[in-house]
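Here is the structure we will look at.
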Ligand code: C2E
Ligand code: MG
Ligand code: MG
């Protein structure tokens, strides 16, 4: 299928030239007819040539006008081959007519024309091996036979020369053909895995969409991205990485053949699979997911490369081609969105594209785009949520970021912090929040407002960034003395803390040397174990609000809160309960000796000035 891809276009472009050349040269026979007073045969032959030329012209036009699919191109090519054979062979008729003539000049004309036809055929039909052999045979063989039949020593010699010429032409056309094949292969294939490349895949996809338009059927597209392939490349080297890619490609090809699918490598560790057509959309979807799952299982089987036993998984996005009005690139984007969703759901999975996903991704992109201008447009503000101790005093607050955008409205930190973390913008945003928080603390200190603690949320990506320590030191010098520093607690979330414990401990210890404290936020929702909690040099634990919400005197979670409180106490950690919304929860927590309470029952997160008022009125 692929091998002919270039030939279609190549031969299609040659047809007009050939028609002009043949019908122009053919006119010379009319002229010879006039010279030797033989009109009937020449004119009849020329009319036949024109008729065949017209056939060729129609074939050329049909190819230009119709958006042929690959299968239709194949059919077109078959007809074209008949046309070409006949078009070249028609000259042999005149050869026989002229060599059987008494006038010897006509013999020369016949031989020269036939040689010309042979050269033209060898040039134009290079990519069609069989056809060029046939055509060359029909044009060169009559010359050789004629020369042998002349029966003179010189004619035997020329007959031999004509055989050699035929062979040279064939040899030259083979060489050109091989070169064409090679360059065509390179243009459409991936050098490493020998699978079709992106260019090939896009052609195929466009073809499938054309068929879809006419036949209203359904095709699925799988986008496969290997998980953590870069790690294999980085740790074991590119040679091992390349072998692994070839083996993965091989497994995919075998399975794809079984399912009558076509697999291509888009680049790097990304592959694409296109199915055959289904009449029913549900069936297509079902088959897509089951094939993707089978493929995933196959990819995950052990690879033995050199002495290494390697395992790799993949994230697979599935998109169904069900609308011919949509461009090929759109379906690839859909599969891409689904694949990224599979990645963000922990990799090693299959996700089918759907509209809800598309809306979510578009929203994410919109938020991500707008997020980058938040600081320069002054769209980020800070709120402060009071924290109350067992003596019912406001002893501190938690700083919480807010974002208000003209177009998107108010966007909650749960949404934008995650996006900022993924895009890397959290570094810039985190710096801004740090500076604003430090300024507030300093301002309050100057106003005589003294708090025991001042909690700031820190994203793990921000903490792990090499610039963090330098930035904190710089801001400290500008805004905070040692006393103020000791009030600050950096809140980190346990969900991401598990990633690189040793490094995390080192970073926390270094920052603690500057006088800061650390708190484990949202405790109970992440992956922490007791030993992990023991190892981390933290000072405070914040029970996640979901546990506090369940304190209603009936639910088992009250016991869970009691257990967490006991653990914190036995580890010597201060404990904060966040999300306290009613008096029952508050009384329960006070009764259980929870050190600090925070929640809507006391106050929502409020602006700086409001916090000051709250503090003042609370004291009274
Ligand atoms: P978090 O650090 O656990 O913050 C507590 C969240 O609980 C805040 O939501 C707060 O408004 C909410 N909350 C407090 N009391 C109650 C209550 O009684 N009931 C209910 N239903 N909710 C309560 P918020 O402000 O939407 O923040 C959500 C999360 O976003 C935070 O969770 C934190 O992880 C992140 N975040 C907020 N600001 C920042 C920031 O400046 N930097 C970073 N890195 N993350 C931030
Ligand atoms: Mg927090
Ligand atoms: Mg929390």
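Residue numbers (my numbering): 23 to 642. Heads up, the beta-carbon is just placed ideally off N, CA and C, and yes, glycines get one too. Every value quoted in this text rests on a predicted model; they were computed, and no experiment measured them.
- Secondary structure of residue 420 (DSSP, three-state): strand.
- Residue 241 is positioned such that its CB atom lies closer than 8 Å to that of residue 296.
- A distance of 8 Å or more separates the beta carbons of residue 602 and residue 587.
- In this chain, the alpha helix (DSSP H) harbouring residue 129 covers 126 to 146.
- When distances are taken from the beta-carbon of residue 479 to the heavy atoms of ligand 2, the shortest one is below 7 Å.
- With contact defined as three or more Cβ pairs closer than 8 Å, the segment 307 to 323 and the segment 230 to 238 are not in contact.
- Between residue 232 and residue 199 a beta carbon distance of about 29 Å is seen, past the 8 Å cut, so the two are scored as non-contacting.
- For residue 401, there is no enclosing alpha helix (DSSP H), as DSSP gives it neither H nor E.
- Under the three-state reduction of DSSP output, residue 627 falls in the coil class, being neither helix nor strand.
- Scanning 214, 418, 186 and 292 for the CA closest to the CA of residue 339 turns up 292.
- Within 10 angstroms of the beta-carbon of residue 488 lie fewer than 16 other beta-carbons, which makes it exposed.
- The beta carbon of residue 330 is closer than 8 Å to those of 258 and 262 in its chain, skipping five residues each way along the sequence.
- Taken through DSSP and simplified to helix, strand or coil, residue 333 comes out as coil.
- If you draw a straight line from the Cα of residue 608 to the Cα of residue 344, it is about 56 Å long.
- A direct Cα-Cα distance of roughly 24 Å separates residue 59 from residue 73.
- In this structure residue 600 touches residue 564 by the C-beta definition: roughly 5 Å separates them, less than 8 Å.
- For residue 84, the enclosing alpha helix (DSSP H) starts and ends at 61 to 87.
- When beta bridges are read from the DSSP output, residue 409 appears opposite 418.
- Cβ contact annotation for residue 193 (same chain, cutoff 7 Å, sequence separation greater than five): none.
- A distance below 8 Å separates the beta carbons of residue 543 and residue 515.
- Unbroken alpha helix (DSSP H) runs of no fewer than 4 residues, entirely contained in the segment 283 to 326, are found at 303 to 322, following chain order.
- Its chain contains 74 as the residues whose beta carbon lies nearer than 7 Å to that of residue 108, once the 5 sequence neighbours on both sides are disregarded; these appear in chain order.
- Distance from the C-beta of residue 600 to the nearest heavy atom of ligand 3 is below 7 Å.
- Exposed is the label assigned to residue 622, since fewer than 16 other Cβ atoms lie within 10 Å of its Cβ.
- Going by beta carbons, residue 436 and residue 392 fall outside the 8 Å limit.
- Boundaries of the beta strand (DSSP E) harbouring residue 477: 475 to 479, taken from the DSSP string.
- If you draw a straight line from the Cα of residue 71 to the Cα of residue 90, it is about 27 Å long.
- Distance from the Cα of residue 230 is smallest, within the candidate group 350, 629 and 279, for 350.
- Residue environment: residue 398 is assigned as exposed (fewer than 16 neighbouring CB atoms within 10 Å of its CB, all protein chains considered).
- In this chain, the beta strand (DSSP E) harbouring residue 432 covers 431 to 433.
- At a Cβ-Cβ threshold of 8 Å, residue 288 and residue 270 do not count as neighbours.
- Within the model, the alpha-carbon separation for residue 438 versus residue 493 is close to 22 Å.
- A direct Cα-to-Cα measurement between residue 184 and residue 265 gives close to 51 Å.
- Relative to the non-hydrogen atoms of ligand 3, the Cβ of residue 564 comes within a distance shorter than 7 Å of at least one.
- A buried status is given to residue 596, since no fewer than 16 other beta-carbon atoms sit within 10 Å of its beta-carbon.
- Counting along the chain, residue 540 sits inside the beta strand (DSSP E) bounded by residues 539 to 545.
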